[in-house]
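> Quick one: the structure is below, questions incoming.
Residue numbers (this note's numbering): 750 to 1419.
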């Protein structure tokens, strides 16, 4: 059936052309036959009758002359001569009564003409004075001419007679038909010759080009969009071919490329990777994901976000060059396929991908905005890690999100350890919504101690989760899940309400003037309704009794410094104490640090751990303390675990501590 339609499509126009030629030829022959037959028959009759009339007139005059002169032998000779002429079968000379007096055949002499020519209407001829008459089937012509007669010795005297000639017109008709058939054959031969010539021209200038178009469209129907119609000419067929090429280009764009960024879409990227797998070519798949891209959409709008993604994809394409190809997986996730000849080992591969991250770290300028974003990359290799696309993609995705969990803006190559951690993460993700619903989260409060008298000046509220199924789960594991799922905003509101509730409890217990610090995720901080919620639900209900502090990590603050500075100013005007948490681990610039106008800088525990023995840690801590004094910020040391560290920090002038050394004395668990 498929072959039939293929042939039908390929040769349909030729069949139509041939059919048209045949029908036209038949119709033309039909018209020609009718018109030619009628015309030729009419002309043939006319010419034959005229010829007979001439011969008959001359013969009549000779017969009349010879009869009147009494020369009957000459009469007989004239009649004999007439009968020998072509197609004349019989010649009769009758008297006025119709008796045959002379004939080309003596057997008819003396007989009545009616008996010899039974269908001959003598009376009608004499009455209407006809000079000729055709038989009913046009096979014979009866030519008649009157002859004036005088008395003859052996013939009864008459006043006139009739010379009648029977002409066989059948032979003339047969000759005419053969001539017509010859003309038809010549006409048909001309049609066939013309058709052959037209067919040659059609094949070369029309059919062949149409075949090229249909063959191309057949390939397109089978999924091959890498074809292009290339035909000669400057006519309608050429125009059709050009329009089809445009259609294929657009179709290729829709099916192969991401409509926003112009790079391969996820489906065509998969096809390209599968081609490499089928050829057993070595390669690596890299999955890129921007860090906190949702915040960009929330802050600047989706139009800005889309424009940024275009620039993002362009940088990837420019950087990869001929060493591979780029695809967009969806949202802010991009895929990269790096050819195997571009790296020899994991170190070279990781170094190459890190170059991509450096390129992507540069600021993006979108409209009037300068936007800094970081990215994380996960890598899976063929054939070392997996031998099919699905598994490769899954491993790259696992490596990517492992990178996000351990710090972001890094490159991670998939391994067995990461896979196991991913399974753990999947378990946490599947239970975390139920944890919110079932009130499985709770808060603990770590004290902040003053170096003057080692009294508690405040606490830091920390989120904890004890699952009846999974057991006790570290914040390091579940907080990233809350952030990724967007549940951090919901939990964050519950967190503040729980802090408010605890403040009432402490108030009733006589514990006053306790400052409670809350770690706020950047998603929640930059949310449009966050300040209104904080003011209406928390501050207005217990403003005088609750001394609220908000902590923002340095790394998150530096993602959108201008916006964070505005938020900090708004919060401080509401009486909220602001701290920069984990200071020293981010990328703060002095200009931003100066303009942030915060209350506290919390030195990250990674620097405190090394003091006083580690010289580099000691220098860094001293520098941060001096810098804070310069900007008139108070400082808090996190992770203080020994008396030696307390004493060293006191000597440097740092008066606020938080660490395990104080937990046994004052940890409050609610």
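Backbone N, C-alpha and C fix where the C-beta goes; we use that ideal spot for every residue, glycine too.
With a threshold of 7 angstroms, establish whether the CB of residue 835 neighbours any heavy atom of the ligand ZN.
Absence of the ligand ZN is noted for the structure shown, with no ligands found whatsoever.
> Distance check for residue 949 and residue 890, CA to CA, integer angstroms please.
Near 52 angstroms, if we compare the C-alpha coordinates of residue 949 and residue 890.
> Whether or not the region 1218-1229 and the region 1171-1185 are in contact is what I'm after, with contact meaning three or more pairs of Cβ atoms, one per stretch, closer than 8 angstroms; do they touch?
Short answer: they touch.
> Count the CB pairs spanning the region 1145-1152 and the region 1093-1100 that are closer than 8 angstroms, and state whether there are at least three.
Touching, no, given that fewer than three Cβ pairs across the two stretches are closer than 8 angstroms.
> Taking the alpha carbon of residue 846 as the point to measure from, which residue in 911, 1388, 1079 has its own alpha carbon closest?
Cα-wise, what sits closest to residue 846 is 911.
> Quick check on DSSP: helix, strand or coil for residue 860?
Three-state result, residue 860: coil.
> Report yes if the CB atom of residue 1078 is closer than 8 angstroms to the CB atom of residue 1015, and no otherwise.
Result yes, Cβ atoms of residue 1078 and residue 1015 sit closer than 8 angstroms.
> Put residue 1268 into one of helix, strand or coil per three-state DSSP.
Strand at residue 1268.
> Using the C-alpha atoms, what's the distance from residue 1303 back to residue 1356?
Roughly 15 angstroms between the two C-alpha positions.
> Identify the residues that DSSP records as bridge partners of residue 1126: which are they?
DSSP, once it has assigned bridges, lists 1037, 1160 as partnering residue 1126.
> Using the beta-carbon count (16 or more within 10 Å), is residue 927 buried or exposed?
Under this definition residue 927 is an exposed residue.
> Under a Cβ-count criterion, where at least 16 other Cβ atoms within 10 Å of its own Cβ denotes burial, should residue 943 be classed as buried or exposed?
Classification of residue 943: exposed, given that the 10 Å Cβ count is below 16.
> Considering Cα atoms alone, identify which of 1060, 916, 993, 1404 is closest to residue 1119.
Taking only the C-alpha atoms, the option nearest residue 1119 is 1060.
> Which residues does DSSP pair with residue 918 in a beta bridge?
Answer is none; residue 918 lacks a bridge partner.
> Could you work out which residue in 820, 1154, 1054, 1253 is closest to residue 1296 when comparing CA atoms only?
The residue with the shortest Cα to Cα distance from residue 1296 is 1253.
> Below 8 angstroms on the Cβ atoms is my guess for residue 862 versus residue 913; work out the distance and round it to an integer in Å.
With a Cβ gap of about 7 angstroms, residue 862 and residue 913 count as contacting.
> According to DSSP, what are the bridge partners of residue 1406?
1198, 1386, per the DSSP bridge assignment.
> Going straight from the alpha carbon of residue 1267 to that of residue 1058, what length do you get?
The straight-line gap from Cα to Cα measures roughly 33 angstroms.
> So for residue 901, helix, strand or coil by DSSP?
No answer about residue 901 holds up, because its pLDDT of 44 lies below 50 and its placement is not dependable.
> For residue 1473 and residue 833, I'd like the C-alpha separation in whole angstroms.
This structure gives no information on residue 1473, because the portion of the chain shown stretches from 750 to 1419.
> How about residue 1122 and residue 1042: do their beta carbons lie closer than 8 angstroms?
Yes, Cβ-Cβ distance for residue 1122 and residue 1042 is below 8 angstroms.
> Could you pull out every residue in the same chain whose Cβ sits closer than 7 angstroms to the Cβ of residue 1010, ignoring the five residues on either side in sequence?
1058, 1059, 1062, 1077.
> For a minimum of 3 consecutive residues, which ranges assigned as the beta strand (DSSP E) are wholly contained in the region 1212-1293?
Listed in chain order, they are 1220-1222, 1264-1268.
> Could you tell me the distance, in whole angstroms, from the CA atom of residue 1186 to the CA atom of residue 1208?
Their backbone Cα atoms lie some 27 angstroms apart in a straight line.
> Please go through the same chain and pick out, in chain order, the residues whose beta-carbon is closer than 6 angstroms to the beta-carbon of residue 1023, but skip the five residues on each side of it.
Cβ within range, chain order: 1138.
> Applying the 10 Å Cβ sphere with the 16-neighbour rule, what's the burial state of residue 1400?
Exposed.
> Check for me: the alpha helix (DSSP H) holding residue 1348 runs from which residue to which?
That residue, residue 1348, is in no alpha helix (DSSP H); it is neither H nor E in DSSP.
> Taking all protein chains shown into account, decide if residue 820 is buried (16 or more other Cβ within 10 angstroms of its Cβ) or exposed.
Burial call: exposed.
> Cα separation between residue 1278 and residue 1272?
Near 11 angstroms, if we compare the C-alpha coordinates of residue 1272 and residue 1278.
> Judging by CA-CA distance, which residue of 1332, 1067, 1066, 1350 is the nearest neighbour of residue 1381?
Answer by Cα proximity: 1350.
> Starting from the Cα of residue 1158, find the closest Cα among 1019, 1251, 1037 and give me that residue.
Residue 1158 has its Cα closest to that of 1037, out of 1019, 1251, 1037.
> Beta strand (DSSP E) containing residue 1070: first to last residue?
From DSSP, residue 1070 is part of no beta strand (DSSP E); its letter is neither H nor E.
> Determine the contact status of residue 1048 and residue 1065, defining contact as a CB-CB distance below 8 angstroms.
Their beta carbons are not under 8 angstroms apart, which means residue 1048 does not touch residue 1065 by this criterion.
> Counting pairs of Cβ atoms below 8 angstroms between the region 962-976 and the region 991-1003, do you hit three or more?
Yes, the region 962-976 touches the region 991-1003.
> Would you tell me roughly how many angstroms separate the C-alpha atoms of residue 1397 and residue 1384, rounded to the nearest one?
Computed Cα separation, rounded: 14 angstroms.
> Verify whether the separation of the beta carbon atoms of residue 1359 and residue 1326 is less than 8 angstroms.
Their beta carbons are not under 8 angstroms apart, which means residue 1359 does not touch residue 1326 by this criterion.
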